[in-house]
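Quick mapping for you: the protein sequence lines, in order, are chains Z and H. So for the first sequence, this note's numbering puts the first residue at 538; every next one is plus one. So for the second sequence, this note's numbering puts the first residue at 183; every next one is plus one. Virtual Cβ for every residue (Gly too), placed ideally from N, Cα, C. Since the model is a prediction, treat every value here as computed from it, not as a measurement. Below: the structure, in structure tokens.
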Amino acid sequence: MIDTWQQIVIWAIGIAMTLTAVRVVTAQNVVHAALYLVGTLLGAASIYIMLLAEFVAWAQVLVYVGAIVVLMLFGLMLTRAPIGKTNFDNDQRLIAALCAAAVFGVTSYIMWDAFKDEKINFAREVGTTTGRVGEVIFSSYVLPFEIISVLLLAALVGAVVIARRD
Amino acid sequence: MPVTFFLILSALLFSIGIYGVLAREHAVLVLLSIELMLNAVNINLIAFSALFQEAGVSGQVFALFVIAVAAAEVGVGLAIVILIFRNRQSVNVDEMSLMKW
Numbered sequence: 538m539i540d541t542w543q544q545i546v547i548w549a550i551g552i553a554m555t556l557t558a559v560r561v562v563t564a565q566n567v568v569h570a571a572l573y574l575v576g577t578l579l580g581a582a583s584i585y586i587m588l589l590a591e592f593v594a595w596a597q598v599l600v601y602v603g604a605i606v607v608l609m610l611f612g613l614m615l616t617r618a619p620i621g622k623t624n625f626d627n628d629q630r631l632i633a634a635l636c637a638a639a640v641f642g643v644t645s646y647i648m649w650d651a652f653k654d655e656k657i658n659f660a661r662e663v664g665t666t667t668g669r670v671g672e673v674i675f676s677s678y679v680l681p682f683e684i685i686s687v688l689l690l691a692a693l694v695g696a697v698v699i700a701r702r703d
Numbered sequence: 183m184p185v186t187f188f189l190i191l192s193a194l195l196f197s198i199g200i201y202g203v204l205a206r207e208h209a210v211l212v213l214l215s216i217e218l219m220l221n222a223v224n225i226n227l228i229a230f231s232a233l234f235q236e237a238g239v240s241g242q243v244f245a246l247f248v249i250a251v252a253a254a255e256v257g258v259g260l261a262i263v264i265l266i267f268r269n270r271q272s273v274n275v276d277e278m279s280l281m282k283w
């Protein structure tokens with residue numbers, strides 16, 4: 538019974554994510570496209586929670602929905618994008634759709650072929666995984682973690698230098 | 183729940199992102215499509231992390247690193263878009279052909 542409900546919810550989230558993602562790349566209003574992206578990102582966050590990754594889910598909500606989408610909206614405002622309906626697609630639409638379909642066909646066939654018998658066991662062993670994520674980051678992955686912080690600092694300084702009015 | 187559901191969902195989101203990158207003209211919309219592709223990769227990482235639970239949580243750590251790099255990429259990308267808009271009064275990527283041979 539629980540399993541059936543879980544599957545229904547996961548399918549609903551997956552379908553909602555796909556529909557909002559399609560609207561992100563087809564919406565003719567730039568602000569609507571950015572707001573549809575919020576739907577896809579929140580769907581991804583709920584899938585992370587289902588897959589026992591609570592910390593990543595909340596980092597996703599904070600960083601993506603809270604910061605990146607707001608940054609995108611500021612970018613749209615600062616470039617004085619036409620807010621009303623206009624055409625933002627170029628004439629490569631057919632080739633782009635063919636490329637996307639080819640990539641989808643190849644990757645999904647490979648994934649299906651390699652993992653069709655594997656099932657995720659949702660029964661968690663002990664509590665949350667957040668504590669283990671912290672331990673792993675600050676033991677095995679401490680060097681990449683420090684490099685990421687330098688990268689973020691460099692990106693911060695670089696963005697200020699590039700966008701500054703001289 | 184079969185793991186292929188999540189893998190194929192992420193492949194679908196990735197190809198939607200590819201379509202957006204190739205078919206959109208507005209530079210900020212291209213950046214939005216790149217975010218879609220990065221999210222597809224994250225779903226893949228988390229799904230494999232849940233599939234191989236006894237192997238630890240490295241998949242989740244890599245997803246966090248991808249999120250951090252995506253934040254840095256969006257910051258620099260939007261700064262470049264704003265600079266191009268200031269110089270050329272347009273953010274149409276098809277008109278940015280100055281460095282094309």
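Identify the contact partners of residue i in chain H, using a Cβ-Cβ distance below 8 Å as the criterion.
i, result
"leucine 689 of chain Z", "Ala250, Ala253, Ala254"
"serine 645 of chain Z", "Leu189, Ile190, Ala193, Leu194"
"glutamine 543 of chain Z", "Met183"
I'd like the span of the alpha helix (DSSP H) that includes residue i, first residue to last.
i, result
"arginine 268 of chain H", "240-270"
"serine 215 of chain H", "209-233"
"threonine 186 of chain H", "185-205"
"leucine 631 of chain Z", "630-652"
"threonine 665 of chain Z", "Threonine 665 of chain Z -> no alpha helix (DSSP H), and no H or E assigned at all."
If I measure Cβ to Cβ from residue i and keep anything under 8 Å in the same chain, skipping five residues before and after, which residues do I get?
i, result
"valine 223 of chain H", "Ser192, Phe196, Val248"
"phenylalanine 244 of chain H", "Leu227"
"histidine 208 of chain H", "Val273, Asn274, Val275"
Would you identify the three-state DSSP class for residue i, choosing helix, strand or coil?
i, result
"arginine 702 of chain Z", "coil"
"asparagine 624 of chain Z", "coil"
"asparagine 658 of chain Z", "coil"
"glutamine 566 of chain Z", "The sequence shown places asparagine at residue 566 of chain Z, not glutamine. Residue state, collapsed to three classes: coil."
At a CB-CB cut-off below 7 Å, which residues of chain Z make contact with residue i?
i, result
"leucine 246 of chain H", "Val593, Ala596"
"asparagine 269 of chain H", "Those do not exist, as asparagine 269 of chain H stays about 12 Å from chain Z at its closest Cβ, beyond 7 Å."
"glutamate 217 of chain H", "Leu574, Ile605"
What residues of chain Z sit near residue i, judged by a beta carbon separation below 9 Å?
i, result
"asparagine 224 of chain H", "Ala581, Tyr585, Val593, Gln597"
"alanine 232 of chain H", "Met587, Leu588, Leu589, Ala590, Ile657, Asn658, Phe659"
Identify, in the order they occur along the chain, each residue of the same chain with its Cβ nearer than 7 Å to the Cβ of residue i, setting aside the five sequence neighbours on each side.
i, result
"valine 643 of chain Z", "none"
"glycine 241 of chain H", "Leu227, Ile228, Phe230, Ser231"
Among the options, whose alpha-carbon lies nearest the alpha-carbon of residue i?
i, options, result
"phenylalanine 187 of chain H", "H:Ile216, H:Asp276, H:Asn226, H:His208", "H:Asn226"
"aspartate 703 of chain Z", "H:Val258, H:Met281, H:Arg268, H:Ser272", "H:Arg268"
"asparagine 624 of chain Z", "Z:Ala637, Z:Ala564, Z:Ser645", "Z:Ala564"
"valine 185 of chain H", "Z:Val607, Z:Trp649, Z:Ala604", "Z:Trp649"
List, in chain order, every chain Z residue whose beta-carbon is nearer than 8 Å to that of residue i.
i, result
"alanine 205 of chain H", "Val562, Asp626, Asn627, Gln629, Arg630, Ala633, Ala634"
"isoleucine 262 of chain H", "Ile699"
"alanine 229 of chain H", "Leu588, Ile657"
"leucine 280 of chain H", "Those do not exist, as leucine 280 of chain H stays about 17 Å from chain Z at its closest Cβ, beyond 8 Å."
Using a Cβ-Cβ cut-off of 6 Å (strictly less than) and excluding sequence neighbours within five positions of residue i, which residues of its own chain qualify?
i, result
"leucine 610 of chain Z", "Ala571"
"phenylalanine 592 of chain Z", "Thr667, Val670"
Examine the ligand FMN and report whether any of its heavy atoms sits within less than 7 Å of the Cβ of residue i.
i, result
"aspartate 276 of chain H", "Ligands are entirely absent from the displayed structure, and the ligand FMN is therefore not among its contents."
Using a cut-off of 9 Å between C-beta atoms, extract the partners of residue i located in chain H.
i, result
"leucine 680 of chain Z", "Result: empty, since nearest Cβ-Cβ is about 12 Å, beyond 9 Å."
Which residues of chain H have a Cβ atom closer than 7 Å to the Cβ of residue i, listed in chain order?
i, result
"alanine 604 of chain Z", "Ala253"
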